[in-house]
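Chains as they are written, first to last, in full-length UniProt numbering: chain A, 1 to 239; chain B, 1 to 239.
There are 2 protein chains.
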Amino acid sequence: MLRGLSAAHHQRGEEGTKDELVYARLFTAIIEHRLQPGMKLPEDALTESFEVSRTVIRKALQRLALERLVTILPKRGATVAKPTIAEAKNIFAARQLIEVGTLDQVVQNIRPSDIAELREIARQEHEAQHARDHRQAIKLSGQFHVRLLSIAGNDDLTDFLVRLVSRSSLIIAVYGSSWSADGKCDSHDALIALLEAGDAAQAKTWMSQHLKEVESALDMSPEEDSEPDFKKIFSEMES
Amino acid sequence: MLRGLSAAHHQRGEEGTKDELVYARLFTAIIEHRLQPGMKLPEDALTESFEVSRTVIRKALQRLALERLVTILPKRGATVAKPTIAEAKNIFAARQLIEVGTLDQVVQNIRPSDIAELREIARQEHEAQHARDHRQAIKLSGQFHVRLLSIAGNDDLTDFLVRLVSRSSLIIAVYGSSWSADGKCDSHDALIALLEAGDAAQAKTWMSQHLKEVESALDMSPEEDSEPDFKKIFSEMES
DNA sequence: GATGGAAATAACGTATACAATATATAAATA
DNA sequence: TATTTATATATTGTATACGTTATTTCCATC
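Here you go:
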């Protein structure tokens, strides 16, 4: 079973080192919106929190940066990444391609135990939604999508989706003002039924629709808070 | 223009640090088969080659490890990654999904200048093939695929493909015993013609076929050199 | 009061030292 | 001679120190 959402397949024996723990803690904190996009992540402060040296902190931050969950600017340190609207669209487009495109294989490979696991995740999802625990709900929703794709049996695609889903979580943090856990209570259940029936075609249209809905629930109106675009402002002025 | 095959989009201002140079040199050496799969990459030895401290070397190696071009085993150091047959199949399956699935968008976005650039890469590819320069030919072939996908305008997918293509290069190093630059001299040209004609459907079938051909040109017979599978050996014995 | 610049402070990039662990070598035993 | 065990060596994991660069603070000036 996947621990949290964390990277799908570690290299043999990658556990046991301190940076793994730091990485995992930071990863979870970001995914769960405990650390919000734009927040600074100074190495010294983290050093004190985790009681390890900067060497270890830096390794974890660099990994998160490669996964685009944090942004590192030279000599200016790390911050929690803040996806732009363009990035958000790319990420959902990529998810469409991957998640819809692999469903044939998923339907072909799926076993009863897989369905049971998916149902269990969906159940926990309902639980979190009813408890209004957005953090947990978002995390579990992501787990569902990742677990589903893992059935296709392609570790590389699964790994890629883990990153896309992680970043989706950041996107929700930035643009999900109107994010509601309602209206999606039984959403994943419908898919499970289709999978159980072996109806790949309908599962694909369902998934495509689902991702579209998630995306359009976001408020991606032209960004306001970002730095004012003087070039545009002045080009729009007459005289 | 993409510098070599190197990662498609760097974070703003990621240049200028030493580890970038080390990373780029190692990346290129691996892609070009100057460092072959399985080769050890001891930190001290690299320290002397690059005349930087282990800190810098380690950062570069860790990045390459996350991109799966090198394998790091705890306390045992880094080696150039040696993709298994299963990995190879996953990588080509992922490439099919991504490269075929984005061609509609590519055809929709493509501009004359893009076509010109693709033609230029194809030309250099021919040149390298005629000169029997396999290293350069493989590298340019990868560049072609990446440049093509970049037209779709999805940086995340492009980035993912960069990694898949890099690893494809490793796969060729391991399983491409019968690799011949012949018979593919005009292969990419045919695609360019289809793109220019705006024929997305045919471009897709072409691409699918092309990737299949590349894959089946590999010799992925059951691996021999790997560690002896005692379980299998003894279960096959009678008495 | 607002602006510009210089000093002070804080944060990061890199090198290096030491500790912990794996590998290799050599000795000992069967 | 083959196998095992103990020691030595080599290599990686982590901490820390120092130099460099960005940011902040403060003061002079307009």
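Glycine is no exception: its CB is placed at the ideal position from the N, C-alpha and C atoms.
- request: Could you tell me whether any Cβ in chain A is nearer than 9 Å to the Cβ of residue 144/B?
  value: By this cut-off, residue 144/B is not an interface position.
Residue of 63/B, 164/B, 173/B, 65/B minimising C-alpha distance to residue 134/B: Checked all of 63/B, 164/B, 173/B, 65/B; the closest Cα to residue 134/B is 173/B.
- prompt: So what does DSSP say about residue 75/B, is it helix, strand or coil?
  reply: In this structure, residue 75/B counts as coil in the three-state DSSP scheme.
message: Between the alpha carbons of residue 124/A and residue 157/A, how many angstroms are there, rounded?
response: Taking the straight line joining both Cα atoms gives about 25 Å.
- prompt: Beta-carbon separation of residue 89/A and residue 220/A under 9 Å?
  reply: Going by C-beta atoms, residue 89/A is nearer than 9 Å to residue 220/A.
field: Continuous alpha helix (DSSP H) stretch holding residue 112/A: start and end
entry: Here the alpha helix (DSSP H) through residue 112/A covers 112-130.
task: Can you pull the chain B residues whose beta carbon is under 8 Å from the beta carbon of residue 63/A, in chain order?
output: Using a Cβ-Cβ cut-off of 8 Å, residue 63/A is close to 62, 66 of chain B, given in chain order.
task: Measuring alpha carbon to alpha carbon, tell me which of 107/A, 104/A, 106/A, 94/A ends up nearest residue 101/B.
output: Among 107/A, 104/A, 106/A, 94/A, the Cα nearest to that of residue 101/B is on 94/A.
field: Partner residues on chain B for residue 91/A, Cβ-Cβ distance less than 8 Å
entry: What residue 91/A touches in chain B, judged by beta-carbon distance under 8 Å, is 156, going in chain order.
field: the region 55-64 of chain B touching the region 33-40 of chain B, judged by at least three CB pairs closer than 8 Å
entry: Not touching, per the Cβ criterion.
- request: Kindly say whether residue 57/A, judged by its beta-carbon, lies nearer than 9 Å to any beta-carbon of chain B.
  value: Residue 57/A does not count as touching chain B.
- prompt: How many whole angstroms separate the CB atoms of residue 65/A and residue 45/A, which I take to be in contact at a CB cut-off of 8 Å?
  reply: Your pair residue 65/A and residue 45/A does not check out as a contact, with CB atoms roughly 17 Å apart and the cut at 8 Å.
query: Would a C-beta distance cut-off of 9 Å place residue 98/B and residue 33/B closer than the cut-off?
result: Cβ distance not < 9 Å, so residue 98/B and residue 33/B don't count as in contact.
- prompt: Does DSSP classify residue 80/A as helix, strand or coil?
  reply: Strand.
task: For the alpha helix (DSSP H) containing residue 44/B, list its first residue and its last residue.
output: Counting along the chain, the alpha helix (DSSP H) containing residue 44/B begins and ends at 43-50.
query: Could you give the residue range of the alpha helix (DSSP H) that holds residue 207/A?
result: Going by DSSP, residue 207/A is part of the alpha helix (DSSP H) stretching over 200-216.
message: Can you pull the chain B neighbours of residue 101/A, defined as C-beta to C-beta under 8 Å?
response: The answer, in chain order, is 97, 101.
query: CA-CA distance, residue 103/B and residue 26/A?
result: Taking the straight line from one Cα to the other gives about 37 Å.
task: Would you decide whether residue 75/B is buried or exposed? Buried here means 16 or more other CB atoms lie within 10 Å of its CB.
output: Burial call: exposed.
query: What separation, rounded to the nearest whole angstrom, lies between the Cα atoms of residue 107/B and residue 200/B?
result: Cα-Cα distance, rounded: 6 Å.
message: As an exercise, report each continuous beta strand (DSSP E) stretch of at least 3 residues that is fully enclosed by the region 130-160 of chain B, in chain order.
response: Counting only runs of 3 or more, we get nothing.
- prompt: Which one of 29/B, 117/B, 24/B, 17/B has the shortest CA to CA distance from residue 136/B?
  reply: Checking every option, the nearest Cα to that of residue 136/B belongs to 29/B.
task: Would you check if the region 141-148 of chain A and the region 110-125 of chain A touch, i.e. whether three or more CB-CB distances between them fall below 8 Å?
output: Here the region 110-125 of chain A lies against the region 141-148 of chain A, with 3 or more beta-carbon pairs under 8 Å apart.
field: With 16 other Cβ atoms within 10 Å as the buried cut-off, status of residue 49/B
entry: With fewer than 16 Cβ atoms within 10 Å of its Cβ, residue 49/B is classed as exposed.
- prompt: CB-CB under 8 Å to residue 91/B, same chain, minus the five flanking residues each way: which ones, in chain order?
  reply: Closer than 8 Å at Cβ, skipping near neighbours: 83, 164, 167, 168, 171.
- request: For chain B, find out if any of its Cβ atoms is closer than 9 Å to the Cβ of residue 164/A; answer yes or no.
  value: Residue 164/A counts as touching chain B.
Beta-ladder partner(s) of residue 40/B, from DSSP: DSSP output for residue 40/B lists 79/B as bridge partner(s).
query: residue 105/B to residue 150/B, Cα distance in whole Å?
result: The straight-line gap from Cα to Cα measures roughly 10 Å.
Where residue 200/B meets chain A, residues with beta-carbon distance less than 7 Å: Listed along chain A, no residue sits closer than 7 Å to residue 200/B by beta-carbon distance, the nearest being about 15 Å off.
- request: Please check the pair residue 245/A and residue 80/A, which I expect to be a contact at CB under 8 Å, by giving their CB distance rounded to whole angstroms.
  value: Residue 245/A falls outside the range modelled here, since chain A spans only 1 to 239, and no answer is possible.
- request: Mind listing the chain B neighbours of residue 45/A? Cutoff is C-beta to C-beta under 9 Å, in chain order.
  value: Proximity of chain B to residue 45/A at the Cβ level (cut-off 9 Å) is not reached, the minimal Cβ distance being about 21 Å.
- prompt: Quick one, which of 187/B, 87/B, 145/B, 73/B has its alpha-carbon nearest residue 114/B's?
  reply: 145/B is the residue among 187/B, 87/B, 145/B, 73/B whose C-alpha sits nearest the C-alpha of residue 114/B.
Extent of the continuous alpha helix (DSSP H) to which residue 106/B belongs: Per DSSP, residue 106/B belongs to the alpha helix (DSSP H) from 103-109.
message: At the 9 Å Cβ level, is residue 213/B part of the contact set with chain A, yes or no?
response: No - not a single Cβ of chain A is within 9 Å of the one on residue 213/B.
- request: Compare the C-alpha of residue 111/B against each of 96/B, 126/B, 153/B and name the closest.
  value: Nearest to residue 111/B by alpha-carbon distance, out of 96/B, 126/B, 153/B, is 153/B.
- prompt: For residue 234/B, which residues of its own chain have a beta-carbon under 8 Å away from its beta-carbon, when the five flanking residues on both sides are left out?
  reply: At residue 234/B the pLDDT is 44, less than 50, meaning the model places this residue with poor confidence; the figure from the coordinates comes in the next sentence. Result list for residue 234/B: empty, nothing under 8 Å.
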